[in-house]
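Q: In case it helps, our numbering puts the sequence shown at residues 6 to 199.
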Amino acid sequence: MRQPPPPVFPIFRSRITCAVLTCTYVSDQEHSVSDLAAAADTDTGTMAREVARLEAAGILVSRHVGRTKLVRPNQDAPFYRPLRDLVTVTLGPLQVLAEELAELDGVEKAAIFGSWAARVQGEPGPAPVDIDLLVVGRPDRDDLHDASARARSRLGREVNTVVITPARWTANEDGFVRELHDRPRIEIPLKGLP
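Shown next, in the form of structure tokens:
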């Protein structure tokens, strides 16, 4: 059964297209077809067909290393920079925030919540204007502020950060924390980025 594109920015044709563009354009690195399939939660045959479509459109280029096909954005395309910026702003918060938070000490877990998370999970509504970031832990506030500022610069969107201690998060006793537990959240992988 074909799934509709995520409502976060419905210009892209499918969830798989969004995953490929996010992995390749936000990180600007090469990825194997199997890595892209894992990131998109699909099989390699489906991913190979999607990559072939995007290559035919000039959006991606590839090369073979042995039997492995490595895919990257087509940096020679006239639309490369605007498409990279569009993908980063609309689909890239998870990747960008993961990169910016990965080196911070004191962050036990992190997640995006609010309208961006709700749209990604299919909840209808207006396009998100900003990114709401939940950090559970005790990071250095200056380091966290700097990481949020870098993410804001890369995403072209305001990043609103909420820090909650691990004890408060686990207790889940006050209304705000209960609401965070109940509303859509997208967990940010702090280790092992795709």
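For glycine and all other residues, C-beta sits at the position ideal for the given N, C-alpha and C.
Is it buried or exposed for Gln80, if we count other Cβ within 10 angstroms and need 16 for buried?
A: Locating residue 80 in the sequence shown gives position 75, where the first residue counts as 1. Gln80 is exposed by the Cβ-count criterion.
Q: Beta carbon of Leu26, beta carbon of Val76: below 7 Å?
A: Translated into the one-based positions of the sequence shown, residue 26 becomes position 21. Translated into the one-based positions of the sequence shown, residue 76 becomes position 71. In this structure, Val76 does not lie closer than 7 Å to Leu26 by Cβ.
Q: Distance, Cα to Cα, Arg190 vs His69?
A: As a working mapping, residue 190 is identified with position 185 in the sequence shown. As a working mapping, residue 69 is identified with position 64 in the sequence shown. Taking the straight line from one Cα to the other gives about 37 Å.
Q: Would you kindly work out how many angstroms separate the C-alpha atoms of Phe164 and Gly127, rounded to a whole number?
A: If you number the sequence shown from 1, residue 164 lands on position 159. If you number the sequence shown from 1, residue 127 lands on position 122. For clarity, residue 164 is Val in the given sequence; the question names Phe instead. Straight-line Cα distance between these residues: approximately 21 Å.
Q: Compute the Euclidean distance between the alpha carbons of Trp121 and Gly63, then round it to the nearest angstrom.
A: Residue mapping note: residue 121 aligns to position 116 of the sequence shown, counting from 1. Residue mapping note: residue 63 aligns to position 58 of the sequence shown, counting from 1. Near 29 Å, if we compare the C-alpha coordinates of Gly63 and Trp121.
Q: Along the chain, where does the beta strand (DSSP E) that runs through Pro78 open and close?
A: As a first step, residue 78 must be located in the sequence shown, where it is residue number 73. Element bounds for Pro78: 73-78.
Q: When you compare each of Gly142, Pro144, Val140, Ala123 to Val134 by their alpha carbons, which one comes out closest?
A: The sequence position of residue 134 within the sequence shown is 129, counting from 1. When only C-alpha atoms are compared, the closest one is Ala123.
Q: Smallest Cα separation from Ser37: which of Thr22, Val56, Ile21, Cys23?
A: Numbered from 1 along the sequence shown, position 32 holds the residue referred to as residue 37. Ranking Thr22, Val56, Ile21, Cys23 by Cα distance to Ser37 puts Val56 first.
Q: Could you check the C-alpha separation between Ala24 and Arg143 for me, to the nearest Å?
A: Indexing the sequence shown from 1 puts residue 24 at position 19. Indexing the sequence shown from 1 puts residue 143 at position 138. Their backbone Cα atoms lie some 31 Å apart in a straight line.
Q: Do Ala116 and Ile193 have their beta-carbon atoms positioned less than 7 Å apart in this structure?
A: For the purposes of this step, residue 193 is taken as residue 188 along the sequence shown, with counting starting at 1. For the purposes of this step, residue 116 is taken as residue 111 along the sequence shown, with counting starting at 1. A contact, by the Cβ cut-off of 7 Å.
Q: Taking just the CA atoms, how far does Glu60 sit from Glu184?
A: Stepping through the sequence shown from its first residue, residue 184 is reached at position 179. Stepping through the sequence shown from its first residue, residue 60 is reached at position 55. Near 43 Å, if we compare the C-alpha coordinates of Glu60 and Glu184.
Q: For Leu198, which residues of its own chain have a beta-carbon under 6 Å away from its beta-carbon, when the five flanking residues on both sides are left out?
A: By one-based count along the sequence shown, residue 198 stands at place 193. The pLDDT assigned to Leu198 is 43, lower than 50, so where the model puts this residue is not dependable, and the model offers no usable value.
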